[in-house]
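Contents: one structure, followed by commentary.
There are 2 protein chains.
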Amino acid sequence: MSERVVPAAARQRRRPTKQGVVLSQELIVETALRLIEEHGSDALSVRRLGRALGADPSSIYRYFRHTDDLLLAIADELIGRTMRPWRPTGEWLADLRELGLRVHAGALAQPRAAALSAYRVTGRAYEIQAVEAILGVLRRAGFPDPEAVRIYHAFVDQALAFGALDSANAALPRAAREAEAQVWRTVYSRLPADTHPNIAATAPHLVATMRGSSYPAAQELLLTAAAARLREIRAAHGS
Amino acid sequence: MSERVVPAAARQRRRPTKQGVVLSQELIVETALRLIEEHGSDALSVRRLGRALGADPSSIYRYFRHTDDLLLAIADELIGRTMRPWRPTGEWLADLRELGLRVHAGALAQPRAAALSAYRVTGRAYEIQAVEAILGVLRRAGFPDPEAVRIYHAFVDQALAFGALDSANAALPRAAREAEAQVWRTVYSRLPADTHPNIAATAPHLVATMRGSSYPAAQELLLTAAAARLREIRAAHGS
DNA sequence: ACCTTATGACAACACCGTTGACCTGTGAAG
DNA sequence: CTTCACAGGTCAACGGTGTTGTCATAAGGT
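Same order as they appear, the protein sequences are chains F and U. For the first sequence, the positions run 26 to 264 when our numbering is used. For the second sequence, the positions run 26 to 264 when our numbering is used.
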């Protein structure tokens, strides 16, 4: 009867499309990422992707059951690109700090794709590799399993969440971003001290810190708390 | 020439639809919220909303220029609902904890609106009120202004970023969410210990914690670090 | 050389947001 | 009390979306 989707490994009949392209999961994912990079994540649709590939849109369903499957494959490729050049040093704090900043920077580099995949669990190769690596760092540092998992989740989700947030903001049309900056400069820094004393008192600081991402600060707070917790654990264990 | 959208304040001709409903911005926002609550956020489309209102879909464009405008109006109403019942107790830690959880829960209650508005600065009434309130809590606790702003920024962005992340996840089609749960149960909890020792060792914990958001844990870590910092500051000041 | 069948192509379905043209009741002005 | 401009509701259409059932054909195994 022939299933609609044949697993990548079992494929052998490489029949070219009318326009002479030989399709594959890899080619489709790469083309999708290129499409997103060049024209934004709104540009990703089955039909556009088909056009960019030089194939009928419905051909894509021979490789991915739904658009969702395709998105997961894209997400995993992004994880791979983030993790591939990462080398743990053995210093757990430094390693996590480095990795968090890398994830965040990766998201900013690929804003549209990051926003698309940050909230998905793919269960694919690269993601598994990343989970294993981070859990390894935490457990080797001395966190007991439940604690390691808790911190793992908080840490990873925070990096992904800030990545998505900051890159969504970075991807705003220029006009919209300028309008936002204007709001801070006009609305917030002109609120009178008698009705809004706290904003008025901190307005210069508010406007100054507005331009950068708060992710580094947030990550530092989270890691500080984790380090403190680890000292407690070690003390309790050593006594 | 007659603008497409007339500001709410200037409206006076209340012409009923064929089905006898008198439209207004408020009615449209309320109906949209009801639709989302009752049938999930996928149920929100201009056409469905028109049907639910008893009006032609295109009528909605007499009140909101785009779907985005409508979603922002919905988001604004949600911020209102989040902030309105909030009463600070004077205990800064408890107050921030409560507020963060409230923001996060509010985002989850209306995933689509939350995802859209999390990375935007509106400068509207409720947003200003929230900024003033949180800064007030931090400054009264004893944080000096630059520190108060830094922590404010990290805290708020964390709540919004997690809100957006978790609500994007919550907005997934049911099938996709079930597939994700399945991934944790099948893929991750069955990896062999020799290739993936850290995942294998923590699999039960991983599966247990994946069902909930990691926001509470992340928030707790951030607040713990902030409290530690405050003790330092007080000590330095007191000496 | 033949046959199976994987895989690409096509057409159709039901939806979506948005817009321009049209029509009509409202409310104010005379 | 009538008139009349026009706000605002309606209709039809455009171009887009994901997805599926059906068909055609070339590739590969025999």
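Glycine included, each C-beta is placed from N, C-alpha and C at the ideal position. Since the model is a prediction, treat every value here as computed from it, not as a measurement.
Contact with chain U by residue i, beta-carbon distance below 8 Å
i	result
S171 of chain F	As written in the sequence, residue 171 of chain F is Pro, which differs from the Ser given in the question. With 8 Å as the cut-off, P171 of chain F counts as an interface residue toward chain U.
E116 of chain F	no
R127 of chain F	no
V212 of chain F	yes
A100 of chain F	no
W111 of chain F	no
R175 of chain F	yes
E51 of chain F	no
H262 of chain F	no
D93 of chain F	yes
R164 of chain F	yes
Secondary structure of residue i, DSSP reduced to three states
i	result
Y240 of chain F	helix
P198 of chain F	coil
M26 of chain F	Since pLDDT at M26 of chain F reaches only 48, below the 50 mark, its modelled position is unreliable, and no value is offered.
V47 of chain U	coil
D219 of chain U	coil
L69 of chain U	coil
R254 of chain U	helix
V146 of chain U	coil
V31 of chain U	coil
W209 of chain F	helix
P113 of chain F	coil
G75 of chain U	helix
G167 of chain U	coil
T42 of chain U	coil
R259 of chain U	helix
Cβ distance (whole Å) where residue i is taken to contact residue j below 8 Å
i	j	result
A184 of chain U	H129 of chain U	6 Å
G79 of chain U	R106 of chain U	Incorrect: roughly 25 Å between the Cβ atoms, too far for contact.
L60 of chain U	R39 of chain U	Contact doesn't hold; Cβ gap of about 23 Å is too wide.
W111 of chain F	R122 of chain F	Incorrect: roughly 12 Å between the Cβ atoms, too far for contact.
Y177 of chain F	L163 of chain F	6 Å
V71 of chain U	E205 of chain F	Actually they do not touch by this definition, with Cβ atoms about 26 Å apart.
Y88 of chain F	V30 of chain F	7 Å
Unbroken alpha helix (DSSP H) run spanning residue i, endpoints
i	result
T234 of chain F	222-235
L95 of chain F	92-108
V128 of chain F	117-134
V54 of chain F	50-64
I85 of chain U	It is not in any alpha helix (DSSP H) - I85 of chain U carries neither H nor E in the DSSP assignment.
Chain F within 8 Å of residue i, Cβ atoms only
i	result
V71 of chain U	no
E205 of chain U	yes
T249 of chain U	yes
A33 of chain U	no
E257 of chain U	no
Y151 of chain U	no
D182 of chain U	yes
L246 of chain U	yes
I224 of chain U	yes
A143 of chain U	yes
G3 of chain U	The question about residue 3 of chain U has no answer, for chain U in this structure spans 26 to 264.
M26 of chain U	Per-residue confidence for M26 of chain U stands at a pLDDT of 49, beneath the threshold of 50, marking its modelled position as unreliable; no derived number is given.
G65 of chain U	no
S239 of chain U	yes
F187 of chain U	yes
A157 of chain U	Inspection of the sequence shows that residue 157 of chain U is occupied by Glu rather than by Ala. It does: the Cβ of E157 of chain U has a partner Cβ on chain F nearer than 8 Å.
A193 of chain U	yes
Do three or more CB pairs link the region 110-117 of chain U to the region 169-185 of chain U at distances below 8 Å?
no
Pair every Cβ in the region 202-215 of chain F with every Cβ in the region 208-221 of chain U, then say whether three or more of these pairs are closer than 8 Å.
Cβ pair count under 8 Å is below three, so no.
Tell me, please, whether the region 78-97 of chain U touches the region 220-240 of chain U by the rule of three or more beta-carbon pairs shorter than 8 Å.
no
Would you check if the region 184-201 of chain U and the region 246-255 of chain F touch, i.e. whether three or more CB-CB distances between them fall below 8 Å?
They do not touch, by the three-pair rule.
With a cut-off of 8 Å, do at least 3 Cβ pairs link the region 188-205 of chain F to the region 133-152 of chain F?
Cβ pair count under 8 Å is three or more, so yes.
Are the region 150-170 of chain U and the region 153-160 of chain F touching by the rule of at least three beta carbon pairs closer than 8 Å?
no
The region 31-50 of chain U contacting the region 211-228 of chain F, beta-carbon criterion three pairs below 8 Å:
As far as the Cβ criterion goes, the region 31-50 of chain U does not touch the region 211-228 of chain F, which means the pair count is below three.
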